[in-house]
Amino acid sequence: MRRWIAPIVLAALLGSLVAVLALTFRRDDFRSAPGTLSRWYAIAWALFAAAAWAVRRLGARQAAVFVLAGSAAIAATGLLAPPRTSTDAYRYAWDGRVQAAGMSPYDHAPEDPALASLRDSWLFPRGSACHGPDRARVRPAPVGHRTPGAAPRPEPEPVHPPSATAEPQCTRLNRPSVHTIYPPAAEGYFLLVHRSAPSGSTLLPLQTGGALLSVATTAVLLAAARRRSDPRLATARAALWAWCPAVPVEAVNNAHVDALGVLLTVAGLVAVPRRRVLGGALLGAATAAKLLPAVTLPGALSGVLATAAAKPRTALKRPRPAEGPVTPTAPAAPFRPASSVSPTAPIRRAAAIVLPAIAVVALGYLPYVLFSHSSVLGYLTGYVAEEGYETGSTAADDKNRYALLRLLHPDPETWALPVIAAVLLVVVAWVLLRGDPQRPWRGALVVTGTAFLLMTPGYPWYALLVVALVALDGRWEWLGLALAGVAQYVTAHAVDDGAWVGTLGFAVAAAAVMLGLALRAHQAHRIVQVHQTDQAHQTDQAHRID
685 MRRWIAPIVL
695 AALLGSLVAV
705 LALTFRRDDF
715 RSAPGTLSRW
725 YAIAWALFAA
735 AAWAVRRLGA
745 RQAAVFVLAG
755 SAAIAATGLL
765 APPRTSTDAY
775 RYAWDGRVQA
785 AGMSPYDHAP
795 EDPALASLRD
805 SWLFPRGSAC
815 HGPDRARVRP
825 APVGHRTPGA
835 APRPEPEPVH
845 PPSATAEPQC
855 TRLNRPSVHT
865 IYPPAAEGYF
875 LLVHRSAPSG
885 STLLPLQTGG
895 ALLSVATTAV
905 LLAAARRRSD
915 PRLATARAAL
925 WAWCPAVPVE
935 AVNNAHVDAL
945 GVLLTVAGLV
955 AVPRRRVLGG
965 ALLGAATAAK
975 LLPAVTLPGA
985 LSGVLATAAA
995 KPRTALKRPR
1005 PAEGPVTPTA
1015 PAAPFRPASS
1025 VSPTAPIRRA
1035 AAIVLPAIAV
1045 VALGYLPYVL
1055 FSHSSVLGYL
1065 TGYVAEEGYE
1075 TGSTAADDKN
1085 RYALLRLLHP
1095 DPETWALPVI
1105 AAVLLVVVAW
1115 VLLRGDPQRP
1125 WRGALVVTGT
1135 AFLLMTPGYP
1145 WYALLVVALV
1155 ALDGRWEWLG
1165 LALAGVAQYV
1175 TAHAVDDGAW
1185 VGTLGFAVAA
1195 AAVMLGLALR
1205 AHQAHRIVQV
1215 HQTDQAHQTD
1225 QAHRID
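In this note's numbering, each number is its position in the sequence shown, counted from 1, plus 684.
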C-alpha cells in the first residue's frame, strides 16, 4: 500500500491543478478582476509546488510517465479559451498572413493602406465591435483597394460590405502603427502556422503550436535526464517546467513565441557538452526566434577561461554525466597536467559554440534582408525606449523598470544601465572562469536570473526561459522570478499605485535566491564536515589496527 500512496497523491494534485487552470482560463478576469485572477494563479502555483515535491518520491520511470502525461494535460487547458492576458498572438497571425501574401513583414505597419486587402473582420473589426477591450483605431481601408499578389482568404466572420467602410475601424493588433519586432525564426514559425492552419481559423493553430512546443520541451528535458548522474532526480526536475502554471498561461493560451525560443535553448544547452557545434547552432536558432535567449550564451561557454589543470575526482564530487560513474571496468579519466592543455584550446572551444550561433542568426536574417525594403530590426529600438531601457527614459518610472535598483536610489534611469552592465560583466566572467562545462545550464541560469533581477521586466512570459533553466538545473529558488512577473503584470492592476506590488515581488524573488544560495552553501559545508569526520574515523581505525 505504501508504494501506491505517492502516485495516488500526485494524481490527485495534478488533477486539481488541471481543474484550477481550466477554471482560470474559462474566466476573463484580467481587466475586470485582476485581484481574483491573482488568487486563481496563487492556487495553481500552490498545487504545482505540492506536485513538484510529491514527484520526487517516485522512481525515474514512473516519474517520467507522470511528468509527460501531466505536461500534455496541463498544456491542453490553455486551449480552452482565447488569449486572456496578451494580444501578441494577433500580431503573429497577421505577420504570417502578410508573408503568405508574398510581402515582407518588416516593410509595412499593419495599418498601412498597402495591406488593406489583407484585413478581415476578425483582426480588423468595424463599428460596434470596436468598443471591446484592446482595440486600436486605424485608418479605414480604401474601397476597392487590392494588395498586388494577395490571394483572398476565407473570413472567420462575415465581411462588412464596401458601404460600411465609413464606419469606425479598429484592430486587435497592438501597436498597429509600427513595423514588426520579431526576428526571422519567429517570422518563419508564424508563416508555417499560417500555411498549416485550416481556412477560417483564428488563434487556435498558434495556441496548438504553443502546446506542442511546451510538451516537446518536456520531452527534451526527460531525454536529457536519462543521461544525468541521478536520472530519478533529474526526471523530477523536469516537472518544474512541465507543470509550471506559467507554461499553459503564456506558452499555450497566450501563444507566445517564447516557447519556440525556450525549446531551442534547452536543446542547445543539453547538446553543448557533447556536440558544441550543434549546441551553438541551436542557441543561434533560439536567438533568431526570440532575442532573449542570447543571454544564455555565456552559460554555454562555462569554464572556457579556466586555467587550472583538471583535478582528479574526489568522493565529494558526483561523476559527470558524459563520463558516467566510476566502476572497476570504467576507470576515471586520467589526470592531465597543465602543460598538456593547449593554450588555444579555450579559443577553439569558444569558437565551436559562438561561430555556429552567429552563422545561424545571420543566415536567418539574410532572406529577409534581401527581400525587405525596410530595416529588419523593425520596431526594436523603439520598443527598447518604450519599455524604459534607454538611458534617461521617462518610461522607466512608469513601467517600474530597475525596481530593485530604485530602492537604492529613486531615479536610476540615468545610471542604471552602466551599473547593470558592470554587474553582468562580473557574473559572466565568473561563469567563464568557474562555470561547469558539463552543466552549461547552471551558468545560463545565473546570468539570465541576474539580468532579470537587475532589469525587472514587466512581462511574465519572458520568465518562461528562466523556468526551463530551473527545470534543467533544479535550483527552484529562481522560480520566484516568474511569480514576480505575474505580480507586476497582473496583481499590480488590482490596487491603486500598484508599482510597489511589482517591486515587492522582485524583492521576494531576490530574497528567495539568496536563501537558496545560503541553504546550498550550508549543505555543502555539512557534507565536507561529514567527509572529514569519516576520514578521521578511518584513520583512527587504521592506527588501532596497526
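From the three backbone atoms N, C-alpha and C, an ideal C-beta is built for every residue, glycine too.
Starting from residue i, trace the alpha helix (DSSP H) in both directions and tell me its first and last residue.
i: PHE732; result: 718 to 738
i: LEU1039; result: 1029 to 1055
i: GLY963; result: 960 to 973
i: THR980; result: Taken as a continuous stretch (DSSP letters only), THR980 belongs to no alpha helix (DSSP H), as it is neither H nor E.
i: ILE865; result: That residue, ILE865, is in no alpha helix (DSSP H); it is neither H nor E in DSSP.
i: TRP1125; result: 1124 to 1139
i: VAL1235; result: What the structure shows of the chain is the stretch from 685 to 1230, and residue 1235 is not part of that stretch, so it cannot be assessed.
i: ALA939; result: Premise fails: ALA939 is in no alpha helix (DSSP H) and is neither H nor E.
i: LEU1108; result: 1100 to 1118
i: VAL956; result: No alpha helix (DSSP H) contains VAL956, which DSSP labels as neither H nor E.
In chain order, what residues of the same chain lie with their CB nearer than 6 Å to the CB of residue i, ignoring the 5 residues before and after it?
i: TRP1145; result: GLU934, HIS940 and ASP942
i: GLY893; result: VAL877
i: GLY719; result: ALA1178
i: PRO1124; result: LEU953, VAL956, GLY983, ALA984 and SER986
i: TYR1086; result: PRO1096 and ALA1100
i: SER700; result: LEU731
i: VAL751; result: ALA922, ALA923 and ALA926
i: ALA1168; result: GLY1189, PHE1190 and ALA1193
i: ASN858; result: THR771
i: PRO889; result: VAL877 and ALA881
i: THR971; result: PRO977, ALA978 and VAL1045
i: ALA1166; result: ALA930, ALA1147 and VAL1151
Count the other C-beta atoms from every protein chain shown that fall within 10 angstroms of the C-beta of residue i, then say buried if there are 16 or more, exposed otherwise.
i: VAL1044; result: buried
i: ASP804; result: buried
i: HIS815; result: exposed
i: PRO838; result: In this prediction, PRO838 scores a pLDDT of 48, lower than 50, which makes its location untrustworthy; no coordinate-derived value is stated.
i: PRO977; result: buried
i: LEU1054; result: exposed
i: TRP1162; result: buried
i: TRP1279; result: Because the chain here runs from 685 to 1230, residue 1279 falls outside it and cannot be looked at.
i: GLN1219; result: exposed
i: SER716; result: exposed
i: ILE689; result: exposed
i: ALA747; result: buried
i: MET1198; result: exposed
i: ARG856; result: buried
i: ALA969; result: buried
i: ASP1082; result: exposed
Going by beta carbon distance, what residues of the same chain come within less than 8 Å of residue i, once the five residues before and after it are set aside?
i: ALA1205; result: none
i: ARG1118; result: GLY987 and ALA990
i: SER1023; result: Reliability of the predicted coordinates at SER1023 is poor, the pLDDT of 47 falling under 50, and the value obtained from them is presented with this limitation in mind. Same-chain partners within the cutoff: there are none.
i: GLU795; result: VAL822, ARG823, THR855, PRO860 and SER861
Could you give the DSSP three-state label for residue i: helix, strand or coil?
i: GLU1007; result: Residue placement at GLU1007 is poorly supported in this model, since its pLDDT is 40, which falls under 50; the coordinates are not used for a value here.
i: THR1175; result: helix
i: ASN853; result: The question names Asn, but residue 853 is Gln in the sequence shown. Strand, per DSSP.
i: GLU1074; result: coil
i: ALA706; result: helix
i: PRO1094; result: coil
i: ASP1081; result: helix
i: SER1026; result: coil
i: ARG687; result: helix
i: PHE874; result: helix
i: TYR1143; result: coil
i: VAL1060; result: coil
i: LEU1086; result: According to the sequence shown, residue 1086 is Tyr rather than Leu. Of the three classes helix, strand and coil, the one that applies to TYR1086 here is coil, per DSSP.
i: PHE714; result: coil
i: ARG741; result: helix
i: TRP927; result: coil
i: PRO1121; result: coil
Who are the near neighbours of residue i in its chain, counting only those whose CB is closer than 7 Å to its CB and skipping five residues on each side?
i: VAL946; result: THR901, LEU1148, LEU1149 and ALA1152
i: VAL843; result: Because VAL843 carries a pLDDT of 43, less than 50, the predicted location of this residue cannot be relied on, and the following value inherits that uncertainty. Excluding sequence neighbours, VAL843 sits near ASP804 and SER805.
i: VAL979; result: VAL1131, THR1132 and ALA1135
i: ALA784; result: LEU875, HIS878 and ARG879
i: ILE1037; result: VAL956, ARG960, GLY963, GLY964, ALA984 and LEU985
i: GLY743; result: ARG916
i: LEU1061; result: none
Which whole runs of the alpha helix (DSSP H) in the segment 754 to 837 are 4 residues long or more, in chain order?
Taken in chain order, the complete alpha helix (DSSP H) segments of 4 or more residues contained in the segment 754 to 837 are 772 to 784.
Going residue by residue through the segment 880 to 922, where are the continuous alpha helix (DSSP H) segments of at least 4 residues, counting only ones entirely within it?
As for any alpha helix (DSSP H) of minimum length 4 sitting wholly inside the segment 880 to 922, the runs are 888 to 909, ordered along the chain.
Within the segment 1148 to 1216, ranges of the alpha helix (DSSP H) (whole runs, at least 4 residues):
Those alpha helix (DSSP H) runs which fall completely within the segment 1148 to 1216 and span 4+ residues are 1148 to 1157 and 1164 to 1173.
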